[in-house]
Structures are given as structure tokens and as C-alpha cells.
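Enquirer: I have a structure I would like to understand better, so I am pasting it below and will then ask my questions one at a time.
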Amino acid sequence: MTRITLENLGRDFGEFTALANMDLTIADGEFVALLGPSGCGKSTTMNMIAGMLEPSHGEIRFDGRNMNGVPMAKRGVGFVFQNYAIFTHMSVRDNLAYGLKAQGVGRAEIARRVGEIAELLQLSPLLDRRAAGLSVNILQRLAIGRSAVVEPSIFLMDEPLSNVDAAFRAVMRSELKGLQRQFKQTMVYVTHDQLEAMTMADRIAVMDHGKLLQVGTPLEVYNHPADTFVARFIGAPGMNLLPGRVTGGDGAPVIDLGAAGHSGALRLEQTGDILFGFRPEEVVPDANGPLAMQVTAAERIGPRIILHLAAGDHRAKVVLDGETPAPQQGETFRFSVPERSVRLFDAQTERAL
Amino acid sequence: MNRSLSFDIFRYAAILTFLAISLIPTVWMISMAFKPIAEWQASGADLTWWPNNPTLDNFRFIFGESGSELIVALERTAGRPILASLLAASFGTLIAMGAGTAAAYGLSRFGYGGNLPLALIQLRLFPPMAVMIPVMIMWAFLGLIDTWYGLALIYGIVTLPFAFWLMKTFFDDMPREIEDAALVEGCSRWRVFLRITLPMMRPALASSALFVFILNWSDYLIALLLTTRDWVTIPVYMASLSSSMTGQLYGAKAALGLIAAVPPVIMGIAIQKQLVRGLTFGALKE
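Respectively, the protein sequence lines represent chains L and P.
Following our numbering, the numbering of the first sequence begins with 9 at its first residue and continues without gaps.
Following our numbering, the numbering of the second sequence begins with 555 at its first residue and continues without gaps.
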């Protein structure tokens, strides 16, 4: 229920720049995932939104109101920590009631709201248990409940699913999304797991080395990565990037991919060195295809087959569905990449062309 | 299989040896405390492990009921020294734990006090005697000699580094997120400290306090230097249990030693649950 604006936001720790000049606007009620490898600045950004960390420069605004210097208690944010930060010396009920008590909410109102949230998160039978002995999965729900019960206008989650087991993670992914729709809060979700970001977020902000690289819907980020980092990071496996050189010039440019062959007939103004990108899933096996690489390994993962390909210095991965007759290790795999699936990147700047 | 059996034998033999070394003097003291004078004064072949005629005479003696066999009368009874030890050690522990916990929290959370950890340790760098002489002069000047509070104050100061370092380690181990979570929910720093941090640190506080208390309780040197008559503590009083006629009053000493062992043992049992539970916080370790 709050619009968050980050303007030229940055944070240094001594010589180290954790976050450099971030601009981002998160709409009211939007679910934004900050996605990136560890150390990319996503948690730093989140901690500054929460008020646990003061920015070195730049501004954070909630609904246009500058929040710099506003203590975290006054920001109206809910925060779910990666390690849950449950008060183990208290019962589940007291944990849930804690924020409401701190705000001076009346006793009857506390009981009602705690009851509601416990019902919603299936914690009702556990209300009088001490939090110390609970399982990780329950602690996780409790952590969400404790933040949600005060009905913050902004919900911040720092890798809340990284400690739970895989099966429960899948359940929580859909539950979290459902909860957020129900509460209609603005949600900022930090994760290094692209699957979580892709399945839950309205928009994904991909970050690396303290820089915001791209913001977009999951499909935009997947289909049109702004640079090679995003291209490699999103998707499993990530996008293939083969170094190549544009030759042929006027009218009929051809991309020379060295040992892998060549690809042509692209609308292209660029000349010189480029990176030829394509998704492993969008390759078409084609006995007369212009590209050919050696199969170095073939993995079967459920219904899919992942081929590891090599040609000279080029490496690529290709995902085929199980129906396709797959080439064996050592054989040559000929294929083509549909023109609409080709993404080109500048070899120097690594930005999309 | 054989190797592990011989290893087990060796292991238990080693454990028994160490147990014997540490427990035999204690058992001897307990036995001695209940022996009549003839038995604890005996030597050589007449010594027995257990008292032949168990008696509470030694206890009666140190509390002033002169036993028939001991002609010596005590100048002071054990009641006052026990009170002195209890007061000085307890309040000394309070001072050390209060100041130490506050300092440790500040340093652990906010990094205040830069060189404080090392500065605190330097008190322990010197031989105790080197520190105690100046302290004696200061205490005399302040009129704190032979008072229980003067003794409590120096106990608090001397054991402060232990309280500080123990608590700092515990605070460092407690995930900050737990406090942040409470802060985000709208609690003041103070409230978080009192309602979240301290309750969660209860096991740490209990074990540190016990450690500090035992240090204070067993001190001899400081009490010897800073008390003279009214507020001598148990260890100092114990040293005085001798006479020119009878020599060392071993039975009386043993009885007093047994009494002195009671408070730490009771405290240990009382907080045992906290000690073994260790520190489990509501957060996962990374």
C-alpha cells in the first residue's frame, strides 16, 4: 500500500562499495524481487529500505516522503529475516503478538488478530508451544506471521526460503504469492534463486557487484536480457553466448562463429566482434543447420536432455525434450537457432544490441 | 574389536585416575569434617578413611559451642565470616555482571569502547600482589578497609574482565537479526534489550554469574589484605583456625570447608538446566 522510490541510492563500507547509484521505483502493491548472486548488494538495498542501514548517498521515499534518518520502528515495514529471528524464549502466541504489543494495541484486538493470522498460516494448534522446539518449516511460517500480523504497508523478505527443504519451498512459493495478493502489500523480496523470483515476482531487479543491471517482468528479463550477466544468470542453464564476428557487410551480413559455423540473415547494423546469444531451450535440431558442435556430454534430467556442446573454444548447452532422438557423446550435433531467438551482445561492453 | 576394548579400558582407567585426583581431597575433607578430635589428630596407622565415631562437634565448635575435648575457645565464630563472604561475593558478582554485561553489549552491538577489551585485561597482566598494594592504600584512604562493601567493590572490579569477556562472546554469538526483528516491529532499544536480549541471554548470564561468583567466593589474597577483623571472609577465617596449643584445627577447617562448598553447589544445581541447555537462539546458524 506504499510506493517505494529509490533515487541514486548507494552505500559504501569503507573502501568497499556495496551498492552504487541505484534508481528504482516500486509501485504500490507490487511484488519486486531483488535477484543476484551473494554480495551483489541486494541485502544492502533491503536493509536500507528497512532502515537498519543508513544510505551513504541518495534517497529512499515512501509515497514521496523521504525516509532517510527515519528509525525503522517508524517506517511501517515488516521484515522476514533469512534466519527467521524468532524469539525462542517466548511461545508462538507471544511471538505473534509481539509487534502489536509494542504498538500498544488493545488486548482483545491482539487476541483477534493473532488468532486470524495463526489460522491463515496453520499455526493455531501450536499457539501455546514454546518457539524453541519448533521445526524449521514452522519457524519460517511463524516469522512470516509475526511480520504480517502488524499489517505493515511494506513487506520485506530476505531469502526467507533458503533454509527450508525443497518440497516445502515449492509449497511456500505459491503460498507467499497468495498471501501477498491477499494483503495487497508492497513486497520486496531478496533472493539468489531465480526460480523464486521468476515464479513470484511482478518485476525482477537483477543486480551484480552493487549495480542494478536490469528491471523488468520475469518474461522481459528472460527474453530480453540487458547484458551478458543477466543472460547467463537467468535461466537454467543460462543463455549460450558464442563469441563471433559480423562479416559480409552491406545487405547480407553473416556472423562468423568460427569452429561452430556461421549464422546469417539477420537485421544488423553492427559490425565487428559480437556475442551470439541463444537460449538452450530454443535450439532446433536440424540436419542441414548452419551450426555444428561436438557433443561432450549428454545428461538426461527427467523428461529433458541437456547436451553439452563444444566447437573449438566455444561451449554451449542445449536442452532437448525427451522425444527428440538425442545424439550420443562424441557425435556432431547440427542445429539452427530461429532468428527470433537470437540475442546479440556487444563483445566489448557486453550490453545487448 | 580388541583394539577398541583395550582403548576403552585405557579410557576408563584415565577417567578414574583423574576423578580420584580431583575427588579424593574433597572426600577426605567431608570425612574429616565429621571426625572427632582424636581421629583427625591421629597420624599414621591410626588414620581411617571414614570417621569411626561420626560427630558434629567440629560444626558446633566453629559456631561457638566449645566441644568438651577442645580446650581452645575461639575468638570469633564462623557466622560472621560466612555472612561476610556471602555479602562480598554476591555484591561483587552483581557489580561485575552489571558493568560487564552493559560494556559487553555496547561493544558487541555498537563497537563503542575501541580498546576497552584489552584495557580491561591489563588488570590481570600484573601479579595480584603488585595491584593489591596500591589498592590497599586507596581503600584505606577511602575508608573501605574491613567493610563488606569495600571488599565487594574490589571483587566487582577484579572479576569484571571475566564477566565482560564471557558476556561479549555470548552477545557476539547471538544473531543481531533477532533484535532487528523486534526493532522493526516498533520496540525501543531499551525495551528490546530488556524484553528480548536479556531473557534470551539467561543461560549465558547464569553461567557467567556462577563463574564470577566462584572466583569471588574463593578469593583469599584480597580479603586477607583488605579485611582485618569484622569482615574477614571464610578463607581468611579458615586460616586463623589454629592455636599454639593444638596446632592446625583440621577438623574445624574441614567443617568450615564443607559449609563453604554449599553455596556454589546449590547455585550450580539451581542453574544446571540453563548450563546444559546452552545457548539456542531462535535463528539458524549460517
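We treat Cβ as the ideally placed atom computed from N, Cα and C, and that holds for glycine.
Since we're looking at a predicted model, the values are computed, not measured.
#1: Which residues of chain P have a Cβ atom closer than 8 Å to the Cβ of Met54/L, listed in chain order?
#2: Over what stretch of residues does the alpha helix (DSSP H) that includes Ala653/P continue unbroken?
#3: Starting from Met80/L, find everything on chain P with Cβ-Cβ shorter than 8 Å and list it in chain order.
#4: Which residues of chain P have a Cβ atom closer than 8 Å to the Cβ of His158/L, listed in chain order?
#5: Using the Cα positions of Gln336/L and Met301/L, report the straight-line distance between them to the nearest angstrom.
#6: Helix, strand or coil, according to DSSP, for Glu331/L in the structure here?
#7: Near Leu769/P, which residues of its chain fall below 6 Å by C-beta distance, leaving aside the five closest residues on each side in sequence?
#8: Just grab the DSSP bridge partners of Ala305/L for me.
#9: Show which residues of chain L have a CB atom less than 7 Å away from the CB atom of Ile750/P.
#10: If we define contact as Cβ-Cβ less than 8 Å, is Met60/L a contact residue for chain P?
#11: Which whole runs of the beta strand (DSSP E) in the stretch 193–261 of chain L are 3 residues long or more, in chain order?
#12: What would DSSP say about Thr13/L, mapped onto helix, strand or coil?
#13: To the nearest angstrom, how far is it from the Cα of Gly310/L to the Cα of Pro245/L?
#14: Can you list the residues of chain P that Gln111/L reaches, using a CB-CB cut of under 9 Å?
#15: Using a Cβ-Cβ cut-off of less than 7 Å, give me the residues of the stretch 103–131 of chain L that come near chain P, in sequence order.
#16: Rounded to whole angstroms, what is the Cα-Cα separation between Pro590/P and Gln826/P?
#17: For chain L, check one thing: does any of its Cβ atoms lie closer than 8 Å to the Cβ of Gln828/P?
#18: In the DSSP assignment, find the beta strand (DSSP E) that holds Asn29/L and state where it starts and stops.
#19: Which residues, in order along the stretch 190–216 of chain L, keep a beta-carbon less than 7 Å from a beta-carbon of chain P?
#20: Let's test the definition: count the other Cβ atoms within 10 Å of the Cβ of Ile263/L and tell me whether it reaches 16, buried, or not, exposed.
#21: Exposed or buried, what is Trp693/P when buried is set at 16 or more other beta-carbons lying within 10 Å of its beta-carbon?
#22: Is the stretch 727–735 of chain P touching the stretch 667–674 of chain P in the sense that three or more CB pairs, one from each, lie closer than 8 Å?
#23: Let me check one thing: in DSSP terms, what residues is Glu117/L bridge-paired to?
#24: Kindly list the residues whose CB is nearer than 8 Å to the CB of Ala151/L, restricted to its own chain and excluding five residues on each side of it in sequence; keep chain order.
#25: Look up Ile68/L in the DSSP assignment and say whether it is helix, strand or coil.
#26: Cβ of Leu759/P within 8 Å of Cβ of Val746/P?
#27: How would you list, in chain order, the residues of chain P whose beta-carbon sits under 7 Å from the beta-carbon of Phe21/L?
#28: Going along chain P, which residues have a C-beta under 8 Å from Phe87/L?
#29: Which stretch, first to last residue, makes up the alpha helix (DSSP H) that contains Phe353/L?
#30: Nearest by alpha-carbon distance to Glu339/L: which of Ala355/L, Ala306/L and Val345/L is it?
#31: In whole angstroms, what separates the C-alpha of Phe835/P from that of Met98/L?
#32: Quick check on the burial criterion: 16 or more other C-beta atoms within 10 angstroms. Buried or exposed for Phe343/L?
#33: So, does the CB of Leu184/L fall closer than 8 Å to a CB anywhere in chain P?
#34: Considering only the alpha carbon of each residue, which of Trp702/P, Met755/P and Leu696/P lies closest to Lys722/P?
#35: Given a cut-off of 8 Å, decide if Arg312/L and Glu38/L are closer than it, judged by their beta-carbon atoms.
Expert: Reading it off the structure:
#1: For this step, residue 54/L is matched to residue 46 along the first sequence. Within chain P, no C-beta atom comes less than 8 Å from the C-beta of Met54/L; the nearest is roughly 12 Å away.
#2: For the purposes of this step, residue 653/P is taken as residue 99 along the second sequence, with counting starting at 1. Start and end: Gly633 to Phe664.
#3: Locating residue 80/L in the first sequence gives position 72, counting from the first residue. Within 8 Å Cβ-Cβ: Asp734, Leu737 and Val738.
#4: Position 150 of the first sequence, counting from 1, holds the residue named residue 158/L. Correcting the residue type first, residue 158/L is Val in the shown sequence and not His. Those within 8 Å of Val158/L in chain P are Glu739 and Gly740.
#5: Position 328 of the first sequence, counting from 1, holds the residue named residue 336/L. Position 293 of the first sequence, counting from 1, holds the residue named residue 301/L. Annotation: Gln336/L to Met301/L spans about 12 Å, alpha carbon to alpha carbon.
#6: What you label residue 331/L is simply residue 323 of the first sequence in a count that begins at 1. Glu331/L falls in the coil class under three-state DSSP.
#7: Against the second sequence, residue 769/P aligns to sequence position 215. Excluding five sequence positions before and after Leu769/P, the CB atoms of its chain that fall closer than 6 Å to its own CB belong to Thr713, given in chain order.
#8: The sequence position of residue 305/L within the first sequence is 297, counting from 1. Bridge partners of Ala305/L: His316/L.
#9: Along the second sequence, one-based indexing puts residue 750/P at 196. Neighbours of Ile750/P in chain L, taken as residues at a C-beta separation under 7 Å, are given in chain order as Phe95.
#10: Stepping through the first sequence from its first residue, residue 60/L is reached at position 52. By this cut-off, Met60/L is an interface position.
#11: Counting only runs of at least 3 residues, the stretch 193–261 of chain L fully encloses the following beta strand (DSSP E) elements, listed from N- to C-terminal order: 194–199, 211–216, 219–224 and 248–255.
#12: Counting from 1 along the first sequence, the entry for residue 13/L is found at position 5. Strand.
#13: In the first sequence, counting from the first residue as 1, residue 310/L sits at position 302. In the first sequence, counting from the first residue as 1, residue 245/L sits at position 237. Those two C-alpha atoms are separated by around 15 Å.
#14: Residue numbering aside, residue 111/L sits at position 103 when the first sequence is read from its first letter. The answer, in chain order, is Glu739 and Gly740.
#15: When C-beta distances to chain P are compared with 7 Å, the residues of the stretch 103–131 of chain L below that value are Tyr106, Gly107, Ala110 and Gln111, in chain order.
#16: In the second sequence, residue 590/P corresponds to position 36, counting from 1. In the second sequence, residue 826/P corresponds to position 272, counting from 1. So the alpha carbons of these two residues sit roughly 35 Å apart.
#17: Within the second sequence, the letter at position 274 stands for residue 828/P. It does not; no Cβ of chain L falls within 8 Å.
#18: Here the question's residue 29/L lines up with position 21 in the first sequence. Its beta strand (DSSP E) spans residues Phe24 to Ile34.
#19: When CB distances to chain P are screened at a threshold of 7 Å, not a single residue of the stretch 190–216 of chain L falls below it.
#20: In the first sequence, the residue the question calls residue 263/L occupies position 255. It counts as buried.
#21: One-based indexing of the second sequence puts residue 693/P at position 139. Counting C-beta atoms within 10 angstroms of its own C-beta, Trp693/P has 16 or more neighbours from the protein chains shown and is therefore classed as buried.
#22: Contact between the stretch 667–674 of chain P and the stretch 727–735 of chain P is absent, because fewer than three Cβ pairs lie under 8 Å.
#23: What you label residue 117/L is simply residue 109 of the first sequence in a count that begins at 1. Partner(s): none; Glu117/L has no beta bridge.
#24: Reading the first sequence from its first residue, position 143 is the one you call residue 151/L. Correct list, in chain order: Val88, Phe89, Tyr92, Ala93, Ile94 and Pro168.
#25: Your numbering for residue 68/L matches position 60 in the first sequence. Note: Ile68/L maps to strand in three-state DSSP.
#26: Taking the first residue of the second sequence as position 1, residue 759/P is located at position 205. Taking the first residue of the second sequence as position 1, residue 746/P is located at position 192. The Cβ atoms of Leu759/P and Val746/P lie no closer than 8 Å to each other.
#27: In the first sequence, the residue the question calls residue 21/L occupies position 13. Under the 7 Å cutoff, chain P gives no residues; its nearest Cβ is about 13 Å from Phe21/L.
#28: Counted from its first residue, the first sequence places residue 87/L at position 79. Neighbours of Phe87/L on chain P, chain order: Asp734, Ala735 and Val738.
#29: Your numbering for residue 353/L matches position 345 in the first sequence. Counting along the chain, Phe353/L falls outside any alpha helix (DSSP H), though it belongs to the beta strand (DSSP E) covering Arg351 to Asp354.
#30: Locating residue 339/L in the first sequence gives position 331, counting from the first residue. The option with the nearest alpha carbon to Glu339/L is Ala306/L.
#31: To locate residue 835/P, count along the second sequence from 1; it is residue 281. To locate residue 98/L, count along the first sequence from 1; it is residue 90. Confidence is the limiting factor: at Phe835/P the pLDDT is only 44, short of 50, which leaves the residue's position unreliable and the question unanswerable from this model.
#32: What you label residue 343/L is simply residue 335 of the first sequence in a count that begins at 1. Result: buried.
#33: Mapped onto the first sequence, residue 184/L falls at position 176. Chain P contact via Cβ: absent.
#34: In the second sequence, the residue the question calls residue 722/P occupies position 168. Nearest to Lys722/P by C-alpha distance, out of Trp702/P, Met755/P and Leu696/P, is Met755/P.
#35: The residue labelled residue 38/L in the question sits at position 30 within the first sequence. The residue labelled residue 312/L in the question sits at position 304 within the first sequence. Contact flag unset, no.
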